[in-house]
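Numbering (my numbering), first residue to last: 144 to 612. Please read the structure below before turning to the comments.
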């Protein structure tokens, strides 16, 4: 069978979401609903994807262009929504150069849990069908306002009746239209011309394809699980689908060798990975964006990673936040560390508790164990940065770099005023404000000479007591 074409219906207003934002821009597991649809279509082997957009289409197009570049799906515009049939009519010009024997899968833009295998199964059924139409049906655990599948005495699908047009008897049917179709393009073109808006909603229903196919012997119906196909219309449903996606992602990872202390509070984005074996993830961990984690690494309670690359046998201790950071093998981070964009921590290096980094490179074996800020900085191999050290990188107008070379030692409570270089093996004494480069193997001191006044404290206390009498 030739690769299918997939049309994604993503033009709905989503009014029940009660939002200024169009529904397909809402996220599940860190991925927008419309992106889920495109990814599922491509995973099913589609060589052409057309997204039908309407409300806020510019924002959706911008998202797709940013993610896919010149591989972004084609866009069809439905400015005046008049039903699902009209939406597919709007997609036809984008298919003008395609032959009538191509199979077109039509999927909704708000059902992220639809497996790509189900799209493939649907297309294969269409390919084998005399009626040139296959569709997915489902059964809901509770009554839902979905179209009902009406069959004849031989079990062939006669038509699909939408909820608002259904009779009392038809509403008792529990076989529901899931809203996913596969049809030969030639039949689709012909059948779309016959659609009528003579119905309760005054719209062109795509469901009328089923009645057209009945004259060709009846559509092929494939039953799918409710959890795979149901759409999102409210934020309650969004939260439910988010939970289902989380369970699916976490289960797949655990089966692949990742341990999770509490899967119910572990949030892994759909685009995250790969994860190595024997990774351990504590409760309340969020792994967002395109983060990856190497073999044997431990992410403790409350860790948040966003677009990070973490090496093997690393440990990120509780309540650390890392964004756009690269961590090497066997590094230790935290607890309560904040690694901002541009942070690179090489193998065996340490970023300790209450340390903040930004555009900082800690080379192999370097240490900043506590209470420091390293911004626009390079810390050489095995260098030690003491507690309270600050790289003063901003003068109110521009940022400047600090270079700490290998084996240097920065004493506690030091300020390194950039641009400045601390030479290899140099020492900076505690409490020093460094404003000039420190040569190799030198000692830098800038604090004032200490003066001890013997007996001063006793005299001071006596004066204070006399004042209070």
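We treat Cβ as the ideally placed atom computed from N, Cα and C, and that holds for glycine.
The closest CA to that of residue 460, considering only 432, 512, 150, is found on 512. With a cut-off of 8 angstroms on Cβ pairs, the stretch 173-184 is in contact with the stretch 246-258, counting three or more such pairs. Going by DSSP, residue 322 is part of the beta strand (DSSP E) stretching over 319-327. Remark: three or more beta-carbon pairs, one from each stretch, lie closer than 8 angstroms, so the stretch 317-333 and the stretch 241-248 are flagged as touching. Pairwise C-beta distances place the stretch 405-419 out of contact with the stretch 195-215, as fewer than three of them are shorter than 8 angstroms. For residue 217, no alpha helix (DSSP H) encloses it; the enclosing beta strand (DSSP E) starts and ends at 217-220. Selection 432, 445, 417 evaluated against residue 424 yields 445 as nearest (Cα-Cα). Using a 10 angstroms sphere on the CB of residue 386, the tally of other CB atoms stays under 16, which defines it as exposed.
Distance from the Cα of residue 544 is smallest, within the candidate group 436, 504, 342, for 504. Rounded to the nearest whole angstrom, the C-alpha separation of residue 201 and residue 226 is 21 angstroms. Here residue 279 is near residue 324, since their CB atoms are less than 9 angstroms apart.
For residue 536, the number of other beta carbons within 10 angstroms of its own is at least 16, and it is reported as buried. Apart from sequence neighbours up to five positions away, the residues of its chain that approach residue 473 with a beta-carbon distance below 7 angstroms are 456, 457, 490, 491, ordered along the chain. Annotation: residue 342 is outside any beta strand (DSSP E) and is labelled neither H nor E by DSSP. For residue 547 and residue 507, the gap between their C-alpha atoms comes out near 13 angstroms. An exposed status is given to residue 377, since fewer than 16 other beta-carbon atoms sit within 10 Å of its beta-carbon. It is roughly 9 angstroms from the alpha-carbon of residue 314 to the alpha-carbon of residue 305. DSSP places residue 228 in the helix class (H, G or I) of the three-state scheme.
Counting along the chain, the unbroken alpha helix (DSSP H) around residue 264 starts and ends at 259-271.
Non-local C-beta neighbours of residue 339 in its own chain, meaning closer than 8 angstroms and more than five positions away in sequence, comprise 347, 351, ordered along the chain. Taking C-beta atoms as the reference points, residue 480 and residue 453 fail to come closer than 9 angstroms.
In the DSSP assignment, residue 505 falls within the unbroken beta strand (DSSP E) covering 493-505. Rounded to whole angstroms, the Cβ separation of residue 518 and residue 556 is 17 angstroms, and the two are not in contact under 8 angstroms. Taking all protein chains in view, the Cβ of residue 144 is surrounded by fewer than 16 other Cβ atoms within 10 Å, so the residue is classified as exposed. Comparing alpha-carbon positions, the option among 297, 379, 450, 322 lying closest to residue 151 turns out to be 322. The beta carbon of residue 391 lies closer than 8 angstroms to those of 256 in the same chain, with the five residues before and after it left out. Distance between residue 558 and residue 394, taken at the CA atoms: about 48 angstroms. Just so you know, the alpha carbons of residue 193 and residue 149 end up roughly 6 angstroms apart. The beta carbons of residue 171 and residue 415 sit about 13 angstroms from each other, so the pair does not count as a contact at 8 angstroms. Secondary structure note for residue 153: its beta strand (DSSP E) is the uninterrupted segment 148-153. For the options 228, 401, 167, the alpha carbon positioned closest to that of residue 417 is the one of 401. Boundaries of the beta strand (DSSP E) around residue 292: 291-294.
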